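Undergrad: Before anything else, here's the structure in question.
Residue numbers (our numbering): 2 to 272.
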């Protein structure tokens, strides 16, 4: 039988949980509300009126589509680079012991530990010294510096859980290095790479600070949204774009959830 103290504790925990959920998700409702506001240049509450015209306006603005396209291209390439280099670095370091290993690990992790403004200034200075013109590729290089870290952290943690006996057995049975990686190592680390790749894509897609220093005249979606908020022209359009992005990003998150869940019964699929 539960005591009154247990009942009060349970009620307090529920209230705290719902309070935390409201704190996290209530701003999304305001984004949705202001996407329909008739007021163009301010966030007046309650809105003076509601309209759906901003969805048509957002759909017809080419600068929005250009910004979304650039952000998707940058995030995709940065994620591919991060998955490749982060996985290779994790495979090279997770089990070997040598002098300077900790220093190398620190150097790999350092870009995400440093403030973004430091990384941005460093990259901008390096591009100037090397006479590299600012372009989409400089943005990609800037994003890859910290995206590699999240893939590396996920991969190295999963590599430590891979049984060395499985790899040895595969090699003893005549498999070469690629076959061993394809049929033994990859199934064990697949969910970690999926999680790391998704996080890398998300970090790249919404990065502002490093992009500001490495973009030149290029305008990614976060830079576009920041500019629109600083110099308001049609603020509800910014909210429409935010709703669109939330809807789009929900799809891969949902797919990843089902992939990871289905992979639980597969060799190496434990989470």
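Yeah, the Cβ is synthetic: ideal placement off N, Cα and C, and Gly gets one too. Since the model is a prediction, treat every value here as computed from it, not as a measurement.
Using a threshold of 9 angstroms, state whether the C-beta atoms of residue 68 and residue 224 are closer than that.
TA: Result yes, Cβ atoms of residue 68 and residue 224 sit closer than 9 angstroms.
Undergrad: So, at 7 angstroms on beta carbons, what are the nonlocal neighbours of residue 144 in its own chain, with the 5 sequence-adjacent residues on each side left out?
TA: So the qualifying residues of the chain are 75, 79, 205, 208, 211.
Undergrad: Using CA atoms only, rank isn't needed, just tell me which of 213, 217, 38, 160 is closest to residue 280.
TA: Past the edges of the chain, shown from 2 to 272, lies residue 280, and the structure says nothing about it.
Undergrad: Only counting the same chain, and skipping five residues up and downstream in sequence, which positions put a Cβ closer than 6 angstroms to that of residue 197?
TA: 151, 152, 155.
Undergrad: Please name the residue in 238, 219, 244, 228 whose C-alpha comes closest to that of residue 70.
TA: The shortest C-alpha separation from residue 70 is found at 219.
Undergrad: Tell me, please, whether the segment 18-38 touches the segment 50-57 by the rule of three or more beta-carbon pairs shorter than 8 angstroms.
TA: Output reads yes: the segment 50-57 touches the segment 18-38.
Undergrad: On the DSSP bridge assignment, give the partners of residue 38 in chain order.
TA: In DSSP, residue 38 forms a bridge with 51.
Undergrad: By Cβ distance below 8 angstroms, which residues in the same chain neighbour residue 238 in space, the five residues on each side in sequence not counted?
TA: Within the same chain, residue 238 has close Cβ partners 55, 58, 59, 62, 65, 229.
Undergrad: How many angstroms separate the CA atom of residue 119 from the CA atom of residue 195?
TA: Computed Cα separation, rounded: 29 angstroms.
Undergrad: Please report the straight-line C-alpha distance between residue 140 and residue 93, rounded to a whole angstrom.
TA: Approximately 27 angstroms, taken between the alpha carbons.
Undergrad: Within 10 angstroms of the Cβ of residue 128, are there 16 or more other Cβ atoms? Answer buried if so, exposed if not.
TA: The residue in question, residue 128, is buried, as its Cβ has 16 or more Cβ neighbours within 10 Å.
Undergrad: What are the start and end residues of each continuous alpha helix (DSSP H) run of 4 or more residues lying completely inside the segment 52-90, in chain order?
TA: Here the runs fully enclosed are 54-61.
Undergrad: Kindly indicate the opening and closing residues of the alpha helix (DSSP H) around residue 229.
TA: Unbroken alpha helix (DSSP H) run through residue 229: 222-231.
Undergrad: In three-state terms, what does DSSP make of residue 144?
TA: Reduced to three states, the DSSP call for residue 144 is helix.
Undergrad: What first and last residue would you give for the alpha helix (DSSP H) that runs through residue 132?
TA: No alpha helix (DSSP H) holds residue 132; DSSP gives it neither H nor E.
Undergrad: Given a cut-off of 9 angstroms on the beta-carbon distance, is the pair residue 87 and residue 149 in contact?
TA: The answer is yes: Cβ separation under 9 angstroms.
Undergrad: If you reduce the DSSP assignment to three classes, tell me which class residue 153 lands in.
TA: Reduced to three states, the DSSP call for residue 153 is helix.
Undergrad: Work out the CA separation of residue 19 and residue 122 for me, nearest whole Å.
TA: The straight-line gap from Cα to Cα measures roughly 41 angstroms.
Undergrad: Alpha carbon to alpha carbon, how far is residue 147 from residue 91?
TA: Cα to Cα, residue 147 sits roughly 15 angstroms from residue 91.
Undergrad: Measure the C-alpha to C-alpha separation of residue 33 and residue 113 and round it to an integer number of angstroms.
TA: If I take the Cα positions, the gap works out to 32 angstroms.
Undergrad: Residue 222 and residue 242: beta carbons closer than 9 angstroms?
TA: Contact flag set, yes.
Undergrad: What span of residues does the alpha helix (DSSP H) with residue 214 cover, start to end?
TA: It spans 210-215 - the alpha helix (DSSP H) in which residue 214 sits, taken as one unbroken run.
Undergrad: My output table needs one value for residue 103: the three-state DSSP class, helix, strand or coil.
TA: Here residue 103 sits in helix by DSSP.
Undergrad: Could you tell me which of 84, 85, 135, 157 sits nearest to residue 96, measuring between CA atoms?
TA: Ranking 84, 85, 135, 157 by Cα distance to residue 96 puts 157 first.
Undergrad: On a Cα-Cα basis, can you pick out the residue from 124, 231, 250, 200 that is closest to residue 214?
TA: Among 124, 231, 250, 200, the Cα nearest to that of residue 214 belongs to 124.
Undergrad: Can you tell me whether DSSP reads residue 14 as helix, strand or coil?
TA: Of the three classes helix, strand and coil, the one that applies to residue 14 here is helix, per DSSP.
Undergrad: Taking the alpha-carbon positions, what's the residue 111 to residue 29 distance?
TA: Using only the alpha carbons, I get a separation of about 33 angstroms.
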